[in-house]
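Residue numbers (the numbering used here), protein chains in the order written: chain A, 519 to 644; chain B, 6 to 269; chain C, 552 to 813.
Cβ atoms here follow ideal geometry from the backbone N, Cα and C, with glycine treated the same way.
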Amino acid sequence: MTINEETLNLRLDLSKPLYEQILHQIRYAMARKDLELGAKLPSVRELAQQLRVNPNTVMRAYQELNRDELIETRRGQGTFITTKPQKIQHIRDNLATEAINSFIDTMQELGMSRQTALSLLEEGKW
Amino acid sequence: MSTSRVFWTLVRNDSRLGSTFRFDKARGNVSALAAYLLAFGIVFALGGLLLGFGMHISDLFAERVIAILDFLITPNAFTITFLFYIPFAFTSEMLPREWKNGTVGWWLTLPYSRKLLLGAKSMAGFFRFIKFLLILFISSEYLIILIIYLQPDVENFALLHDLPQRVLYSCTIALLLSPFFVSMGTTGGVLSKAQMKGLPVIFPALFLAVIVGIFSSPLRAVFSSVAYLSPPWLSLLLVFGVSMGLSTLLFFFAINVLEHKVEL
Amino acid sequence: MEMEYAVELKNVTKSYKKKTSLDLKAEFDYKKEKIHGRLPMSKDFKKKPALDHLTVAFPTGQVTGLLGPNGAGKSTLLKMLVGLVHQDEGTISVFGQSPSWRNNGEIAYLPDRGRWYALQTVAEALAYAEVIFPAFDLDLARKMADSMDLDPAAQVSTLSKGLEARLNLILCLARRVRLILLDEPFSGIDLVSRDKITQNIIDSMLDLPKTIIICTHEIHEAESIFEHVVFLDKGQMVLAGNAEQLRAEKGSIESVYRELFQ
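Listed below in structure tokens is the structure:
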């Protein structure tokens, strides 16, 4: 399955570093199974055009993802999502942890105790 | 890309720059050029026929035409100024035109010597003048032939006898001396765009006057109204040589000014 | 790793002088002033510097946005890099050399409000460019013209502002050069043309490693392609830095601009 513009729906906020956003949003899309294992990612050129950003920014993001073994480049064919489900699970766990820590930070800022926070969590819209 | 190819491409583009003729504005293809020549030819022929008709009907008119032709062909103050002002005028507007058209940013940053850039503009101005001279020459000869054919019974008919040679002589002189005025034009164009401490217009006029003063004798020989009978070769050579020398000097002066004193 | 700079300016100052003494005289006649009991002379004019002891550098292989209000000196800076204007003081180096027409074979410069030769058609313009611009890629240019919806048979004089801007951009980007200078490529251009121009700038970055300096007022349009930014005001550098770093520290480049110049 080739990823087209609809599946990889990245939105960029110009008031924050773009490279981080691209990285984060691709990881998120992978974790949410919006992108399937082994699916083909847009080329650097395509993504840069789509987002209207400097191709070097996209390249940096792809390089980082490559380092994390989340994507792999096959020569002559393009860039693909990893076929190893454990990698995806790994991001999912990381993102979940991030979300939880962020939640905890917010609760603490609001002055909520752990008990209160947990009960609010149970009552939340699951 | 060879320098020569660049040069002639520049000349060709510069020649089209100030075009007022609609056909130059059209795509420069063969059929447009043919149409242009045809239209020109028709105007030419018609004009001639009209004049011919007028002269056939009225002897007075024919007399006037011959007199005018005679006047225009004789080297006098009017004709000399006119003929030499034309190459100057054609060339001096070539450079400022880049400014006027807004293309100067592209032109001035070209990675070629200023010599090449100004050379192309000068050449384009020169070609424009040659075109003009050619039209003048053909028109006069055409008119002369027409009148000779019509054989009007007028007193000054005898003037026509030498007219063709005189036309040829005058055009040749104009051609030989035009490089000097083309150079003057280029220099004038460059100076108009240069940041120099108030160079008054009187300077080139003075310069010209001095030159004319120094070479008044050979100049008189060249421009005498009977020179065409037996061309004063030595004087011609001298005048031509000096004019070429001066034109070269002026050209290098212009290059220098363009290189160092012209900014955007 | 030490950063390499394609373009460096050190302590550059430039003041525009009046063209001739006649201009000066005309202005004074109008004002009818006398200074210290004598008639004014050219030295009495306070020269407003276009560039004022400016020291700034542009990283090699990156896209730099040159930003600032009108009259900040952005255009003057770019003109100096191609030898159209000479500095009064200071040194400028472009790839290690002083600016001159001799080096312009390696530099593509898009002049501010530059027009192209009106009597040429688009096709003729590209063919002409191939002859007079060294390293002009005609095939690439034709492809770009096609993707930008330029009719090869259209005469330049008939092109709208947006279409002519697209052509001007092609004449710069289709050259295989190391340095590209774009002075207000988006100015007064319609939205679609701007998009196409941005797209083509992005494409050209993938082609060859090149240094690009873009001078523009349309910051919102262009900021996502900047890697480096330089802010100029009244001939001096106010702020310069990596775009992503500035975003991390302060927010969008546009907001930084507003903060600096409001």
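Under the Cβ distance rule, K599 of chain C does not count among the residues neighbouring chain B, no pair being separated by less than 8 Å. I764 of chain C carries a strand assignment under DSSP once its states are collapsed to helix, strand and coil. Residue pairing from DSSP places I643 of chain C in a beta bridge opposite C:L560.
In this structure T191 of chain B does not touch S248 of chain B by the C-beta definition: roughly 14 Å separates them, more than the 8 Å allowed. Residue-level contact by beta carbon fails for N261 of chain B and chain C, as no gap is shorter than 8 Å. Per DSSP, Y580 of chain A lies in no beta strand (DSSP E) segment; the continuous alpha helix (DSSP H) that holds it begins and ends at 573-585.
If you check the CB distance, L113 of chain B and L269 of chain B come in under 8 Å. Contact between the region 724-732 of chain C and the region 753-767 of chain C is established, with three or more Cβ pairs separated by less than 8 Å. P116 of chain B belongs to the set of residues whose beta carbon lies under 8 Å from a beta carbon in chain C.
Exposure of W644 of chain A is indicated by the presence of fewer than 16 other C-beta atoms within 10 angstroms of its C-beta. Distance check between L559 of chain A and each of A:N572, A:L638, A:A579 places A:A579 closest, using alpha-carbon atoms only.
Put simply, the region 118-135 of chain B touches the region 97-105 of chain B. At least three CB pairs are less than 8 Å apart. Looking from the CA of L234 of chain B, the closest CA among B:A210, B:V262, B:L173, B:I219 belongs to B:L173. Relative to A716 of chain C, the option among C:K694, C:S744, C:L691 whose CA is nearest is C:S744. Between I683 of chain C and chain A, the shortest Cβ-Cβ separation is not below 8 Å.
Taking the Cα positions, L65 of chain B is about 8 Å away from V159 of chain B. Taking a Cβ-Cβ cut-off of 7 Å, N81 of chain B has no neighbours in chain C, whose nearest Cβ is about 35 Å from it. Residue burial annotation: R119 of chain B is buried, with at least 16 other C-beta atoms found within 10 angstroms of its C-beta. DSSP links H779 of chain C through a beta bridge to C:T615, C:N793.
The C-beta of V558 of chain C comes no closer than 8 Å to any C-beta of chain A. The residue among C:T564, C:T611, C:S626 with its C-alpha nearest the C-alpha of K599 of chain C is C:T564. With contact defined as three or more Cβ pairs closer than 8 Å, the region 599-614 of chain A and the region 546-556 of chain A are in contact. Shown here for G59 of chain B: same chain residues with a beta carbon closer than 6 Å to its own, the five before and five after excluded, namely F66 in chain order. Taking D688 of chain C as reference, the option from C:V781, C:L722, C:D741 with the minimal CA-CA separation is C:L722.
The region 625-636 of chain C and the region 655-672 of chain C touch, with no fewer than 3 CB-CB distances between them shorter than 8 Å.
Cβ-Cβ distances below 7 Å link V227 of chain B to I178, P237, S240, L241, V244 in the same chain, with the five nearest sequence neighbours on each side left out; the list follows chain order.
Interface annotation, A669 of chain C: in contact with chain B, CB-CB separation under 8 Å. Around A669 of chain C, the same chain offers Q706, V707, S708 as residues with beta carbons nearer than 8 Å, after the five sequence neighbours per side are excluded.
Between V614 of chain C and L560 of chain C, the CB-CB gap reaches or exceeds 8 Å. Where E98 of chain B is concerned, there is no enclosing beta strand (DSSP E), because DSSP gives it neither an H nor an E. Taken in chain order, the members of the region 559-584 of chain A whose beta-carbon sits within less than 8 Å of a beta-carbon on chain C are V562, R563, A566, Q567, L569, R570, V571, N572, P573, N574, T575. At a cut-off of 8 Å between beta-carbon atoms, W104 of chain B makes no contact with chain C.
Per the DSSP secondary-structure output, M788 of chain C pairs in a beta bridge with C:L783. Pairing T591 of chain A with N584 of chain A gives a Cβ-Cβ distance under 8 Å. Three or more Cβ pairs closer than 8 Å define a contact, and the region 525-534 of chain A meets that threshold against the region 792-808 of chain C. If you check each beta-carbon in the region 533-547 of chain A against every beta-carbon of chain C, the ones closer than 9 Å belong to S533, K534, P535, L536, Y537, E538.
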